[in-house]
Each structure stands twice: as C-alpha cells, then as structure tokens.
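J.: Those protein sequences? They're chains V and F, same order as listed.
Here my numbering is used: the first residue of the first sequence is 23, the next is one more, and so on.
Here my numbering is used: the first residue of the second sequence is 23, the next is one more, and so on.
There are 2 protein chains.
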Amino acid sequence: ETAVVCGVAVARDEATVSLRDIPDRPGVMSVIFSRMAERKIPIDMIVQNVGRDGLASVSFTVPQDELAETLTAADQAVKQLGAGTVQHGTNLSKISVVGSGMKSHSGVAAQMFTDLAQAGVNLEMITTSDIKISVLVDRNQADTAMRTVHEGFGLSEPLPEGAES
Amino acid sequence: ETAVVCGVAVARDEATVSLRDIPDRPGVMSVIFSRMAERKIPIDMIVQNVGRDGLASVSFTVPQDELAETLTAADQAVKQLGAGTVQHGTNLSKISVVGSGMKSHSGVAAQMFTDLAQAGVNLEMITTSDIKISVLVDRNQADTAMRTVHEGFGLSEPLPEGAES
Ligand SMILES: C[C@@H](O)[C@H](N)C(=O)O
Ligand SMILES: C[C@@H](O)[C@H](N)C(=O)O
C-alpha cells in the first residue's frame with residue numbers, strides 16, 4: 023500500500039497540560055481522565071511515552087480557552103494521586119498530515135519532519151495513527167509549517183480549518 | 023456529536039524503541055526518521071511528549087520481528103546526533119478503541135482507562151487521534167484488556183486482527 027497524503031490540517035489555538043513523574047501503575051490514568059471527564063473538558067491529543075524507574079508522564083492538548091479549567095482538574099488529580107507535578111504550555115498549534123497507508127511508511131514521517139526542520143520549526147509533541155501524523159508547533163510558526171508541509175507533499179489547497187474533527 | 027465507539031482492535035506483536043535525552047531543537051526528528059525510512063522500517067505509533075530542560079524523548083512501536091533492524095538504525099541516529107540513549111521494550115500489544123467523535127469526549131478515554139485499571143492492566147504508552155485511542159499493554163494481558171474494553175463499551179465481536187491497518 024503506497025502512502026497517499028491527501029491533506030494537511032491545522033488547529034491553531036492549542037495549549038498543553040503535562041502531568042510529570044506520576045506513578046506508572048494501573049489506575050493512574052483512570053484518576054486523571056475521570057477528573058477531566060467530570061468537567062467535560064474536550065481533550066484532543068493524549069501522549070504518554072514509555073515510563074522509567076516506575077514513573078511516567080502524560081501530556082494532552084486542549085483548546086487554549088479551556089486551559090484554566092483543565093489545570094484545576096489536573097491539580098485535583100495530582101492531589102488525589104499524592105504524586106506528580108503539573109506543567110502547561112501555551113501559544114501552540116497542531117499541524118496534521120492526513121492520508122491512507124501512513125502506518126507502514128516511515129517515509130511520510132521522515133519527509134514531514136525533514137521539511138519542518140529545514141523551515142526551522144521545532145516539534146514540541148508528536149502523535150500518530152494509521153491515517154494521520156500530528157505535530158505541535160509554536161503558533162507563531164503555524165503558517166510557515168503549513169506552507170512547508172503543503173509544498174513538501176505537493177498538495178494544493180489546505181483543508182478548511184475544522185476539517186480536523 | 024456524541025461519541026460512538028464502534029470497535030476494538032488489537033496488534034499483538036509490538037516492540038518499542040525509545041530514544042531518550044535527545045536535543046529538543048529542529049532537525050532531530052528528521053535525522054532519526056531518515057535513518058528509519060532508509061531501511062523501510064514499518065513504524066506504527068510515534069509518541070513524543072513535551073520536552074524539559076532542552077531535552078526530549080521519542081518512542082515508537084515496530085513489529086517485534088523488526089526490532090533488531092530498528093535498534094541498528096536508532097544507534098546510528100544517536101551517533102549522528104552525538105547525544106541520547108536507546109532503550110527498547112518487548113512482549114507488548116496495542117489495544118485500540120475506534121469510533122467517531124472521540125476528540126471532544128474525554129469520557130471515552132476515562133472509561134477505557136478505568137476499565138483497564140479495574141482489570142489490573144498497566145498502560146505502557148498512549149496515543150490518540152480524533153477517531154482512535156491506542157494503548158500499549160503487556161502482551162500477557164492483551165486478551166484480558168480486549169475483553170474488558172469490549173464489555174465496557176457494550177460491544178459484541180472484536181474487529182478481525184489486521185483491521186488495524
Ligand atoms: C502512567 C499510567 O499510564 C499508568 N501506567 C496507568 O496505567 O494508569
Ligand atoms: C525532539 C525533537 O522533536 C525536536 N524538537 C525536533 O524538532 O526535531
């Protein structure tokens with residue numbers, strides 16, 4: 023299956039919330055996401071990397087205007103767990119490359135990351151599925167990133183904002 | 023948009039490769055994934071969390087039988103970067119909940135994570151997109167995890183293996 027990249031989408035106003043040094047044992051994510059679900063916080067990307075020394079970190083993105091509410095819920099979760107610290111990031115945008123057959127093609131990821139590197143764009147966070155690669159970048163570089171990735175994959179028009187959902 | 027979870031899929035034989043303490047500046051992912059693409063390594067989940075103190079870590083999953091080749095490519099990347107360490111994990115499976123409207127529903131994630139916690143399943147890695155939540159678990163717990171998540175979402179039959187791609 024050859025990878026067919028059919029579009030690039032952007033979500034401009036994202037913020038990140040990270041819970042670091044949380045215990046890496048069953049039940050911890052349940053506590054954190056129950057706190058988020060209680061407040062019906064619309065969470066977008068969720069990223070947890072492999073832990074180390076029994077501790078792990080999780081980050082997730084929310085619309086920037088939901089950040090305060092999310093931080094309150096995160097603080098509650100950390101208190102309930104009795105461990106971990108909360109950090110956040112603002113002024114971020116998500117750039118996604120959408121297409122079929124992405125999973126078996128590390129070539130698509132390599133091209134996207136190389137195009138962004140040459141444009142001087144730093145990758146703050148990455149998450150993928152079999153049809154999509156999403157990266158978080160500084161909002162001030164969102165337009166540069168969009169244009170660069172479009173050109174790199176030979177695409178014409180950007181997907182309309184909101185084509186994300 | 024209410025979330026409609028339509029299926030659970032499993033990829034049984036996954037391994038992880040992690041590059042830790044790599045510089046958090048443009049171009050680093052380009053080096054790593056160019057090494058992977060040269061060897062046409064079929065990469066599945068890619069996870070990079072927000073960095074700290076100018077350093078970041080990235081993990082990705084590959085089919086277990088591609089692990090040796092992937093580690094060779096990862097070692098080359100770390101040598102070229104002049105920084106970072108390589109670790110790996112084996113005996114892992116990916117469990118994915120697939121559906122529409124997931125993005126704005128932290129409830130789906132909370133339910134999945136809570137069901138798995140009650141079954142004593144540890145979440146080793148998490149990545150999401152707007153139509154899917156994927157977690158990495160110990161392969162010995164894959165069947166328990168599949169059954170638990172099926173019951174939790176009131177689903178009948180598992181998606182055929184391979185429905186993932
Ligand atoms: C870190 C967190 O994911 C933990 N492993 C859990 O299962 O909840
Ligand atoms: C850590 C890595 O993603 C780096 N920020 C890059 O852009 O390549």
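The beta carbon of each residue, even a glycine, is placed where N, CA and C say it ideally should be.
(1) Assuming the contact rule is C-beta atoms closer than 8 Å, E88 (chain V) and I63 (chain V) should be a hit. Round their C-beta distance to whole Å, please.
(2) Could you work out which residues of chain V lie near T38 (chain F), taking near to mean beta carbons separated by less than 8 Å?
(3) Could one say the Cβ of Q102 (chain F) lies closer than 7 Å to chain V's Cβ atoms, at least one of them?
(4) Classify T38 (chain V) as buried or exposed, calling it buried when 16 or more other Cβ atoms lie within 10 Å of its own Cβ.
(5) Below 7 Å CB to CB, which residues in the same chain sit around D35 (chain F) once its five sequence neighbours on both sides are set aside?
(6) What in chain V is Cβ-close to R47 (chain F), meaning under 8 Å?
(7) According to DSSP, is L41 (chain F) part of a helix, a strand, or is it coil?
(8) For the alpha helix (DSSP H) holding S87 (chain V), just list the boundary residues, first then last.
(9) How long is the line joining the alpha carbons of V30 (chain F) and K101 (chain V), rounded to whole angstroms?
(10) Which of the three DSSP states is assigned to A105 (chain V) in this structure?
(11) So which residues of chain F does S56 (chain V) contact, with C-beta pairs closer than 7 Å?
(12) Just to confirm the assignment, what range does the beta strand (DSSP E) spanning I63 (chain F) have?
(13) For V80 (chain V), return the contacting residues in chain F, with the cut-off set at a CB-CB distance below 8 Å.
(14) Give the interface partners of G129 (chain F) over in chain V, defined as CB-CB distance under 8 Å, in chain order.
(15) Taking C-beta to C-beta, are G123 (chain F) and C28 (chain F) nearer than 7 Å?
(16) Return the Cβ separation of I155 (chain V) and A139 (chain V) in integer angstroms, given the expectation that the two are a contact with Cβ distance under 8 Å.
(17) For R57 (chain V), which residues of its own chain have a beta-carbon under 6 Å away from its beta-carbon, when the five flanking residues on both sides are left out?
(18) In its own chain, which residues sit with a C-beta less than 6 Å from the C-beta of F175 (chain V), not counting the 5 before and 5 after it?
(19) What is the rounded straight-line gap between the Cα of S115 (chain V) and the Cα of M147 (chain V)?
(20) Compare the C-beta of S122 (chain F) with all C-beta atoms of chain V and state if any pair is closer than 7 Å.
T.: Short version:
(1) 6 Å
(2) V72
(3) no
(4) buried
(5) P85 and Q86
(6) N144
(7) strand
(8) According to the sequence provided, residue 87 (chain V) is Asp. The question's Ser does not apply to it. Counting along the chain, D87 (chain V) falls outside any alpha helix (DSSP H), and DSSP gives it neither H nor E.
(9) 32 Å
(10) coil
(11) A132 and T136
(12) Premise fails: I63 (chain F) is in no beta strand (DSSP E) and is neither H nor E.
(13) N71 and I148
(14) A59 and K62
(15) no
(16) No, I155 (chain V) and A139 (chain V) are not in contact; Cβ-Cβ is about 14 Å, not under 8 Å.
(17) A95, Q98 and A99
(18) V27
(19) 10 Å
(20) no
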